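Quick note on our numbering: the sequence shown kicks off at -8 and runs consecutively. By construction, the Cβ of each residue, glycine as well, lies at the ideal position given by its N, Cα and C atoms. All figures in this text were calculated on a predicted structure; none of them were measured in a lab.
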Amino acid sequence: MKPQEIIEILDKFIKEHFELDGDPDYSTDVNLFDYGFVDSLGAVEIIMFVEERFGCSITQRDISKYPMNSVEEIAEVVASKLQ
């Protein structure tokens, strides 16, 4: 799966789940935490979605090692797991 496809899937989920569709501050490259779009519980929900949708495991090591603050950063980690 291409990274852009992953971004589109994550973007759709996050817009719907966190009710961000039409928010002028939201984009796939903004820090979801700094903008207050997602909190720690939301991060867990995103990880659960990623693991279920893409069939890959996001470990504590991944969370510590890679930045996963934006849709694009999360997609990069997912893409690397799918290779």
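Are residue i and residue j close, meaning C-beta to C-beta below 9 angstroms?
| i | j | result |
| --- | --- | --- |
| Phe9 | Gly33 | yes |
Quick one: what does DSSP say residue i is sitting in, helix, strand or coil?
| i | result |
| --- | --- |
| Met(-8) | coil |
| Gly46 | coil |
| Asp2 | helix |
| Ser61 | coil |
| Gln51 | helix |
Using C-beta distances below 8 angstroms, list every residue in its chain close to residue i, excluding the 5 sequence neighbours before and after it, in chain order.
| i | result |
| --- | --- |
| Arg44 | Ile0, Phe4 |
Between residue i and the rest of its own chain, which residues show a CB-CB distance below 7 angstroms, the 5 nearest in sequence each way excluded?
| i | result |
| --- | --- |
| Met59 | Ile65, Val68 |
| Asp2 | Thr19, Val62 |
Check for me: the alpha helix (DSSP H) holding residue i runs from which residue to which?
| i | result |
| --- | --- |
| Asp12 | Per DSSP, Asp12 belongs to no alpha helix (DSSP H) and is neither H nor E. |
| Asp25 | Premise fails: Asp25 is in no alpha helix (DSSP H) and is neither H nor E. |
Rounding to the nearest angstrom, what Cα-Cα distance links residue i and residue j in this structure?
| i | j | result |
| --- | --- | --- |
| Val35 | Asp25 | 16 angstroms |
| Lys(-7) | Leu73 | 10 angstroms |
| Val21 | Val29 | 11 angstroms |
| Ser71 | Leu23 | 21 angstroms |
| Asp53 | Leu11 | 26 angstroms |
| Phe40 | Cys47 | 10 angstroms |
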